[in-house]
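Residue numbers (this note's numbering): 26 to 439.
Ideal placement from N, C-alpha and C gives every residue a C-beta, glycine not left out.
What follows is a set of notes on a single structure, which appears directly below.
Right, dumping it as structure tokens:
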């Protein structure tokens, strides 16, 4: 009976792919899920606290998030390089522990209602301390996963993170009744749990660099111009991807008059689609060429966000977000797997650090661009036409890379 049940499960290709992945992936997925849950407990309510409790203008809040995001992204690239030199786990555990302490300090600042400048400084410090977490865990995935399985592996990691983001705001909404500071205490507690799990369960996957190999993310500009071009195009796409949180929310509220409950449903729908379909989709597209998939993702982003612009109500926006979500599910694991496959021996941390820097810059600067478009365009549709145009330019960039930029030694991922 048990054997028959097991054989039936194996028939599902995405379950089989999960069972074939190194156990380390499962622990990394759990860690990313818990840490995402922790951040989702407090971060969605950050702007509300600063605006409603400290009376900080939205523009100042946006500027703080942009500056801290840019600084954090740069430090994340540096952290990825350091993990190539000194080890993944050796850097990951202190990063998690120090960030948990920082969130406890932030909780104290919230409880004591310190001035905005003090809060902004500690928020930026928190971003710096946590900036290495994503590139190091991505490098761990690359260390233990064969190139052909990486799209599925990164798909698993993304599903785990989205589950945390789906649950976090709902739980945070319950905690907030006890005071804003308890949100940040809760985030700190989840990070402490993640630190303990990482220390106890995640193995060291790092191998010493070959003699003469020096890992430095910022040397990529000189050493690997192809990757720099790919990341430059991907930055454009990440700027577009970064519109989902703030720009869609403000547009839906201010221009369409949708209630906050319906706006919250957008992110729940996005997270649930990813949780259900990400892994089987990654398995389904595993044989397609990476740059071709990135072109498809860019087109889906353009069509989806243009659909948001033409929407007149809840269902129209949902339709656009569903299309955007499929673009995300194609783009995110594909880009991660592609960049990791291009990394020479001993440099996966540096390459994933560069990719992480691009992601964080997109999430930091993207909402600022969306806000400027909302403020300075005459008609709402012009906002989404501009955003869709950026996605199409990125798609054209991938077309040019596939036609003229490919090098023979990079074709192994294709």
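Counting only runs that start and end within the segment 43 to 71, where is the alpha helix (DSSP H) found for 4 or more residues in a row? Those alpha helix (DSSP H) runs which fall completely within the segment 43 to 71 and span 4+ residues are 48 to 67.
Between the CA atoms of residue 389 and residue 127 - distance to the nearest angstrom: Between residue 127 and residue 389, the C-alpha separation is close to 20 Å.
For residue 298 versus residue 339, is the C-beta distance shorter than 9 Å? Result no, Cβ atoms of residue 298 and residue 339 do not sit closer than 9 Å.
Can you give me the Cβ contacts of residue 81 inside the same chain, cut-off strictly under 7 Å, excluding the 5 residues immediately before and after it? Counting only Cβ-Cβ distances below 7 Å, and skipping sequence neighbours, we find 75 and 141.
For residue 347, which of 291, 409, 165 and 188 has the nearest alpha-carbon? Ranking 291, 409, 165 and 188 by Cα distance to residue 347 puts 291 first.
Count the CB pairs spanning the segment 134 to 148 and the segment 167 to 185 that are closer than 8 Å, and state whether there are at least three. Not touching, per the Cβ criterion.
Here's the rule I'm using: 16 or more other beta-carbon atoms within 10 Å means buried, otherwise exposed. How should residue 451 be labelled? No information on residue 451 is available, as it lies outside the stretch 26 to 439 that the chain covers here.
What is the residue span of the alpha helix (DSSP H) that residue 231 lies within? Careful: residue 231 lies outside any alpha helix (DSSP H) and carries neither H nor E.
Could you confirm whether any beta carbon from chain C is found closer than 9 Å to the beta carbon of residue 219? Checking the listed chains, one finds no chain C in this structure; it contains a single protein chain.
Quick check on the DSSP output: the alpha helix (DSSP H) that includes residue 401 runs from which residue to which? Here the alpha helix (DSSP H) through residue 401 covers 373 to 401.
Looking only at C-alpha atoms, which of 202, 167 and 405 sits nearest to residue 70? Nearest option by C-alpha distance: 202.
Going by CA-CA distance only, name the one from 329, 63 and 426 that's closest to residue 250. In terms of Cα proximity to residue 250, the closest of 329, 63 and 426 is 426.
If you check the beta carbons only, do residue 263 and residue 392 fall under 9 Å apart? Cβ distance not < 9 Å, so residue 263 and residue 392 don't count as in contact.
To the nearest angstrom, how far is the alpha carbon of residue 86 from that of residue 79? Using only the alpha carbons, I get a separation of about 11 Å.
What did DSSP end up calling residue 163 once you bin it into helix, strand or coil? Here residue 163 sits in helix by DSSP.
Tell me, to the nearest whole angstrom, how far the beta carbon of residue 98 is from that of residue 156; I am working on the premise that it is less than 8 Å. Here residue 98 really is in contact with residue 156; their C-beta atoms are around 7 Å apart, less than 8 Å.
Does the separation of the CB atoms of residue 204 and residue 374 fall below 9 Å? No; because the gap between Cβ atoms is not below 9 Å, this pair is not in contact.
Identify, in the order they occur along the chain, each residue of the same chain with its Cβ nearer than 7 Å to the Cβ of residue 57, setting aside the five sequence neighbours on each side. For residue 57, where only same-chain residues beyond five positions count, the Cβ hits under 7 Å are 162, 182, 185 and 186.
Pair within 9 Å by beta-carbon distance, residue 179 and residue 60: No. Outside cutoff.
When you compare each of 278, 268 and 408 to residue 335 by their alpha carbons, which one comes out closest? Ranked by Cα distance from residue 335, the first of 278, 268 and 408 is 408.
Can you say whether residue 400 is buried or exposed, counting buried as having 16 or more other CB atoms within 10 angstroms of its CB? Exposed, since its Cβ has fewer than 16 Cβ neighbours within 10 Å.
Going by the beta-carbon positions, is the gap between residue 219 and residue 129 smaller than 9 Å? In terms of Cβ geometry, residue 219 and residue 129 do not form a close pair [threshold 9 Å].
How about residue 65 and residue 365: are their beta carbons less than 9 Å apart? No, these two residues do not count as a Cβ contact at 9 Å.
For residue 452 and residue 101, which I take to be in contact (beta-carbon distance under 8 Å), what is that distance rounded to the nearest angstrom? Outside the displayed span of the chain (26 to 439) sits residue 452, for which this structure offers no information.
C-beta atoms of residue 328 and residue 341 nearer than 9 Å: Not in contact: residue 328 and residue 341 (Cβ atoms no closer than 9 Å).
Whole-angstrom C-beta distance between residue 330 and residue 275, which should lie under 8 Å: For residue 275 against residue 330, the beta-carbon gap comes to about 14 Å, at or over 8 Å, which does not count as contact.
Residue 386 and residue 260 look like a contact to me (Cβ under 8 Å); what is the Cβ gap, rounded to whole Å? In this structure, residue 386 and residue 260 form a Cβ contact; the two beta carbons are roughly 6 Å apart against a cut-off of 8 Å.
Here's the rule: buried if 16 or more other CB atoms are within 10 angstroms of the residue's CB, otherwise exposed. What is residue 429? Exposed, because fewer than 16 other Cβ atoms sit within 10 Å of the Cβ of residue 429.
Just list the alpha helix (DSSP H) runs in the segment 409 to 434, keeping only unbroken ones of 4 residues or longer that don't cross its boundaries, in chain order. None, since the segment 409 to 434 contains no complete alpha helix (DSSP H) of that length.
Let me know if residue 164 comes out buried or exposed under the rule of 16 or more other beta-carbons within 10 Å of its beta-carbon. By the Cβ neighbour-count rule, residue 164 is buried, with 16 or more other Cβ atoms within 10 Å of its own.
Length of the line joining the Cα atoms of residue 315 and residue 248: Answer to the nearest angstrom: the Cα atoms are 22 Å apart.
Could you please give the first and the last residue of the uninterrupted alpha helix (DSSP H) stretch that includes residue 308? 285 to 309 is the span of the alpha helix (DSSP H), which, as asked, contains residue 308.
Please list, in chain order, all residues of the same chain as residue 283 whose beta carbon is under 7 Å from its beta carbon, the five residues on each side excluded. These residues qualify, in order along the chain: 277 and 339.
If you measure between the beta carbons of residue 326 and residue 349, is that distance less than 9 Å? At the C-beta level, residue 326 and residue 349 come within 9 Å of one another.
Could you pull the start and end residues of the alpha helix (DSSP H) that residue 203 belongs to? Counting along the chain, residue 203 falls outside any alpha helix (DSSP H), and DSSP gives it neither H nor E.
How is residue 314 classed by DSSP in three states: helix, strand or coil? Residue 314: coil per DSSP, three-state reduction.
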